[in-house]
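Notes follow the structure.
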Amino acid sequence: MPFAFLPFPYLHNFTLLNQFLILVSLCIIAYVYRPIRLALLGILGSYAVYVVGKVLIRWGFVAFKGIAWMGFYLYFFLIGVGYILTAATTLWNLPEMLSGLVEGMENK
Numbered sequence: 048m049p050f051a052f053l054p055f056p057y058l059h060n061f062t063l064l065n066q067f068l069i070l071v072s073l074c075i076i077a078y079v080y081r082p083i084r085l086a087l088l089g090i091l092g093s094y095a096v097y098v099v100g101k102v103l104i105r106w107g108f109v110a111f112k113g114i115a116w117m118g119f120y121l122y123f124f125l126i127g128v129g130y131i132l133t134a135a136t137t138l139w140n141l142p143e144m145l146s147g148l149v150e151g152m153e154n155k
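Written as structure tokens, this is what we have:
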């Protein structure tokens with residue numbers, strides 16, 4: 048099984064010696080010819096953006112999902128707190144409300 052010197056696509060299938068020879072030859076060609084240097088930098092740059100982009104997109108999705116779930120829980124937690132406070136206020140004021148209701152019925 049070949050050892051992956053650098054985990055580049057298609058390059059990790061070769062043996063370590065062949066990987067080294069390919070990279071050295073690409074470095075020599077890139078040193079001599081500027082257009083090939085720009086092409087190699089473009090290929091390596093796009094590969095780096097692809098690798099880093101996958102991780103950043105995954106982190107962004109997890110962060111978005113976490114924020115959405117937190118908002119979901121906070122929304123329903125606040126509704127529950129509102130119900131509890133309404134019930135507590137109603138029970139606290141129940142004797143006064145009932146006496147006012149009885150007085151209103153007696154006045155009719």
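If you count the sequence shown from 1, you need to add 47 to reach my numbering.
Glycine is no exception: its CB is placed at the ideal position from the N, C-alpha and C atoms.
Checklist entry - Roughly how many angstroms lie between the CA atoms of Gly118 and Tyr130, to the nearest whole one? => result So the alpha carbons of these two residues sit roughly 18 angstroms apart.
Item to check | Proximal residues to Ile83 (C-beta, below 6 angstroms), its chain only, five neighbours per side dropped | outcome: Ile76 and Ala77
Next on the checklist: For Tyr97, report the span of its alpha helix (DSSP H) as first-last.
Outcome noted: Arg81 to Trp139
Next on the checklist: I believe Leu73 touches Leu87 by the beta-carbon criterion, under 8 angstroms. Please report the beta-carbon distance rounded to the nearest angstrom.
Outcome noted: 6 angstroms
Next on the checklist: For Ile90 and Val98, what's the separation of their Cα atoms in angstroms?
Outcome noted: 12 angstroms
Next on the checklist: Please report the distance separating the alpha-carbon of Val149 from that of Thr133.
Outcome noted: 22 angstroms
Checklist entry - For Tyr57, which of helix, strand or coil comes out of DSSP? => result coil
Item to check | Through-space distance from Ala95 to Phe111, alpha-carbon basis | outcome: 24 angstroms
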